[in-house]
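This note's numbering numbers the first residue of the sequence shown as 18 and each following residue consecutively. Reviewing the structure listed below.
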Amino acid sequence: MNLDIVILAAGKGTRMGSPLPKVLANLAGRPMLDHVLESVSQLKKIKLHVVVGHEAQMVRKTFSDNKKINWIKQTKQLGTGHAVKQALKHIRSNSNVVILYGDVPLISENTISKLTKLASKGPALLTFNKDNPTGYGRIIRSSRNKIEAIIEEKDASPSEKQITEVNSGIMAFKAKELSRLIGKIKKNNKAREFYLTDTVREAYLEKLNIQSLRLSDMDEVLGCNTPEDLQLLEKAYHLSTAKKFLNKGVSFADIEKVKFRGSVSIEKGAFIDENVIFEGSVSIEANAKIGPGCIISNSTIGKNAELLPYTFVEESKLENNTKAGPFAHVGIQTKLEAGAEIGNFVETKRSNIGANSKAKHLAYIGDGRIGKGVNIGAGTIFCNYDGVKKHITKIEDDAFIGSNSALVAPLTIGRKSYVGSGSVVTKNVGKGQLAIGRGRQKNMLNRKK
Ligand code: UD1
Ligand code: CA
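So this is what it looks like as structure tokens:
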């Protein structure tokens with residue numbers, strides 16, 4: 018069965034009190050609408066429509082990479098029913114149609130599929146129970162438990178306001194049914210808007226067989242109207258993401274203390290300690306250990322690799338069995354090859370650190386090309402910048418750099434060579450040589466006797 022998906026995203030989100038259109042509000046490091054788009058990305062035989070209005074250009078630009086979206090403009094925001102009406106002529110007549118809300122971002126693909134299957138029997142609603150239902154449309158059921166209507170908060174009587182079964186906003190219809198029902202709704206309500214929810218009353222009057230799916234997991238259908246709602250969603254998102262990994266064999270010190278701000282994959286056997294933040298596209302491979310307070314941004318952490326506490330990794334790749342930290346900054350475009358280690362207060366940038374090479378304490382490694390089995394002593398600085406340009410320092414396999422050396426690039430230090438500690442190295446060092454570039458120590462007569 019074909020599926021047309023209509024995402025409503027034209028509203029301003031006045032209650033958010035922000036200049037950004039609501040669907041672009043930041044939820045776990047991504048625009049809210051991006052979460053909805055992700056939920057539908059794996060569905061088959063779909064046509065995807067997004068209705069935009071308020072700041073339409075800004076919204077479209079944010080998702081300009083997504084070529085699957087058919088953008089539909091709703092020039093005036095006259096209500097959710099009016100928004101859906103704008104999409105009707107783009108919808109395939111033999112389709113099922115599911116309507117999603119840009120401000121109900123955590124809906125899962127599984128729930129969407131279940132609801133659309135129900136739509137073959139009649140208009141299908143996704144509902145849930147909320148102890149404090151304020152702000153949501155209430156589900157009105159007959160004494161025989163049949164759904165008769167949805168009443169919006171503004172229009173509800175005191176007794177209707179007591180109802181705790183609420184409308185998630187998400188509905189599914191057969192295309193022909195939807196266009197007929199939408200044609201019937203009017204704006205005779207307090208808000209003077211065309212409510213999509215009024216299609217339910219019309220369906221009831223037509224004696225259609227209204228279907229409903231009541232969710233037990235409320236987080237999936239939390240809506241976002243206020244900054245406080247956004248906080249609830251943010252918490253719900255991180256927790257449900259952590260639970261997903263937990264159930265696939267990842268361990269956590271505390272699933273409530275990890276943030277997933279991007280698209281993250283974590284393999285079985287990995288361990289994530291407290292207060293870890295993932296950002297952008299991150300991949301944590303099997304059995305890696307991530308210490309407390311680490312931030313990992315757009316990077317890969319290989320199998321059995323270990324990040325010790327408070328390490329920041331950005332745009333880098335740590336291969337299998339590597340180690341970084343505590344308090345290390347693995348800066349952009351660093352590659353640690355298998356078994357390499359960087360330690361306390363070491364910063365790297367645009368550098369390749371070969372297999373089993375080590376820089377365990379207090380070093381800056383910028384634009385380095387480091388071979389295998391190299392030892393970089395405490396306090397070594399790669400002087401890669403001459404004030405105008407960045408230059409490369411190449412250190413070949415098994416070289417040893419003594420502590421507190423300054424390596425002035427461009428520079429090559431040959432295989433198995435040795436740099437005496439405290440050297441300022443400005444000339445290339447050949448294979449196997451010992452280089453010492455420092456003032457000689459003189460021991461003189463001590464006049465202070
Ligand atoms: C809506 C539902 C309510 C439900 C709740 C769930 C209606 C009338 N009410 O209320 O029953 O419980 O969602 O979260 O549908 N939008 C447009 N064009 C418009 C108006 C809205 O595209 O003209 C979009 C908004 O951008 C938003 C979504 O539709 O993404 C919902 O609009 P909103 O005003 O937030 O509706 P609620 O009052 O939350
Ligand atoms: Ca809403």
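Glycine included, C-beta positions come from ideal geometry on N, C-alpha and C.
Item                                                                                                           : Value
Under 8 Å between C-beta atoms of residue 357 and residue 370                                                  : yes
Stretch pair the region 144–163 + the region 193–208: three plus CB contacts closer than 8 Å                   : no
Alpha helix (DSSP H) segment containing residue 355, residue limits                                            : No alpha helix (DSSP H) contains residue 355, which DSSP labels as neither H nor E.
For residue 94 and residue 28, believed in contact at Cβ under 8 Å, the rounded distance                       : 6 Å
Cβ shell of residue 1 (< 6 Å), same chain only, five flanking positions each side left out                     : Not covered by the structure: residue 1. The range shown for the chain is 18 to 466.
Exposure of residue 208, with buried meaning 16 or more beta-carbon neighbours within 10 Å                     : exposed
Contact test: residue 94 Cβ vs ligand 1 heavy atom, cutoff 7 Å                                                 : yes
Contact the region 63–71 vs the region 264–280: 3+ CB pairs below 8 Å                                          : no
Rounded separation between residue 378 and residue 88 - CA only                                                : 54 Å
Residue 232 vs residue 128 beta-carbon contact at 8 Å                                                          : yes
Residue 467 in three-state terms, based on DSSP                                                                : In the structure displayed, the chain extends from 18 to 466; residue 467 sits before or after that span and is not available.
Assigned exposure category for residue 174 - 16 Cβ within 10 Å defines buried                                  : exposed
Buried/exposed call for residue 228, threshold 16 Cβ in 10 Å                                                   : buried
8 Å Cβ cutoff met for residue 187 and residue 116                                                              : yes
CB-CB length for residue 337 against residue 320, believed under 8 Å                                           : 4 Å
Enclosing beta strand (DSSP E) for residue 127 [first to last residue]                                         : Note, residue 127: premise wrong, no beta strand (DSSP E); alpha helix (DSSP H) at 126–135.
For residue 284, the nearest candidate out of 307, 162, 271 (CA to CA)                                         : 307
The alpha helix (DSSP H) enclosing residue 450, as first and last residue numbers                              : Run containing residue 450: none; DSSP gives neither H nor E here.
Strand pairing of residue 182, partner residues [DSSP]                                                         : 146
Nearest to residue 145 (by Cα), restricted to the options 126, 170, 184                                        : 184
Presumed contact (8 Å Cβ cut-off) between residue 383 and residue 362, rounded CB distance                     : The pair is not a contact, with the Cβ atoms about 15 Å apart (cut-off 8 Å).
Simplified DSSP assignment, three categories, for residue 86                                                   : strand
Limits of the beta strand (DSSP E) - the one that residue 282 falls within                                     : 275–283
Check: residue 67 C-beta below 7 Å from any heavy atom of ligand 1                                             : no
Classification of residue 250 by the beta-carbon crowding that lies within 10 angstroms, buried from 16 upward : buried
For residue 310 and residue 135, the rounded distance between their alpha carbons                              : 45 Å
Beta-carbon separation (whole angstroms), residue 254 vs residue 45, contact threshold 8 Å                     : 5 Å
Host alpha helix (DSSP H) of residue 228 (start-end)                                                           : Run containing residue 228: none in the alpha helix (DSSP H); it sits in the beta strand (DSSP E), 228–232.
Start-to-end residues for the beta strand (DSSP E) that takes in residue 21                                    : 20–26
C-beta atoms of residue 435 and residue 451 nearer than 8 Å                                                    : yes
Contact set, ligand 2 heavy atom to C-beta under 6 Å                                                           : 120, 240, 242
Residue 167 Cβ short of 7 Å to ligand 1 heavy atom set                                                         : yes
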